[in-house]
Amino acid sequence: MIELGKEMVAYVKANKKSILHLCEWYTIEKGYTYNEWKTFIQRLEFVPYYEQALKIIGLKYVDKNSNVRDKISDRWQRIYFGDLREGEDQDADANELRKAASLKGEARAFEEARQEVVDKIQRKKRVLK
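Using the working numbering, the first residue of the sequence shown is number 57, and each one after it goes up by one.
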């Protein structure tokens with residue numbers, strides 16, 4: 057795994073102007089399937105090389121002079137920058153919690169208003185008797 061990692065980083069460095077995704081190395085160059093690749097990136101000894109290769113490729117996605125199109129760049133930044141992905145996921149989770157709390161508050165307010173109407177109706181019925 058260490059030797060394979062070193063080979064991958066060397067390949068990415070040598071092809072950093074043209075490579076857009078690591079599959080160009082692991083599938084096209086080496087012939088590994090995606091499922092095989094998923095096991096590689098779980099191996100602790102391979103991870104440092106994998107992360108280095110991701111960062112090398114990822115720089116192309118934030119370089120304003122790169123040949124990577126803006127829309128594609130925005131889409132792939134989450135792939136190449138784990139810290140960005142984690143931050144965006146935390147923001148999205150926090151936003152969903154805020155929405156849920158807001159809906160819960162609205163539901164409570166609706167139920168209180170409904171109960172007030174029911175109470176008024178009950179009072180009127182008692183007065184009419």
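From the three backbone atoms N, C-alpha and C, an ideal C-beta is built for every residue, glycine too.
Taking 8 Å as the cut-off, decide whether the C-beta atoms of residue i and residue j are in contact.
i, j, result
"I112", "K160", "no"
"L153", "F102", "no"
"G114", "F137", "yes"
Whole angstroms are fine: how far does the CA of residue j sit from the CA of residue i?
i, j, result
"E142", "V173", "47 Å"
"K176", "F166", "16 Å"
"E80", "M57", "18 Å"
"R86", "A66", "What sits at residue 86 in the sequence shown is Lys, not Arg. Those two C-alpha atoms are separated by around 13 Å."
"R164", "Q171", "10 Å"
"D119", "E107", "18 Å"
Buried or exposed for residue i, please, with buried defined as at least 16 other CB atoms from any protein chain shown within 10 angstroms of its CB.
i, result
"I24", "There is no way to answer for residue 24, as the model of the chain reaches only from 57 to 185."
"K116", "buried"
"Y90", "exposed"
Since I believe residue j is in contact with residue i (beta carbons under 8 Å), could you give me their beta-carbon distance rounded to a whole number of angstroms?
i, j, result
"Y105", "K62", "6 Å"
"Q133", "L140", "6 Å"
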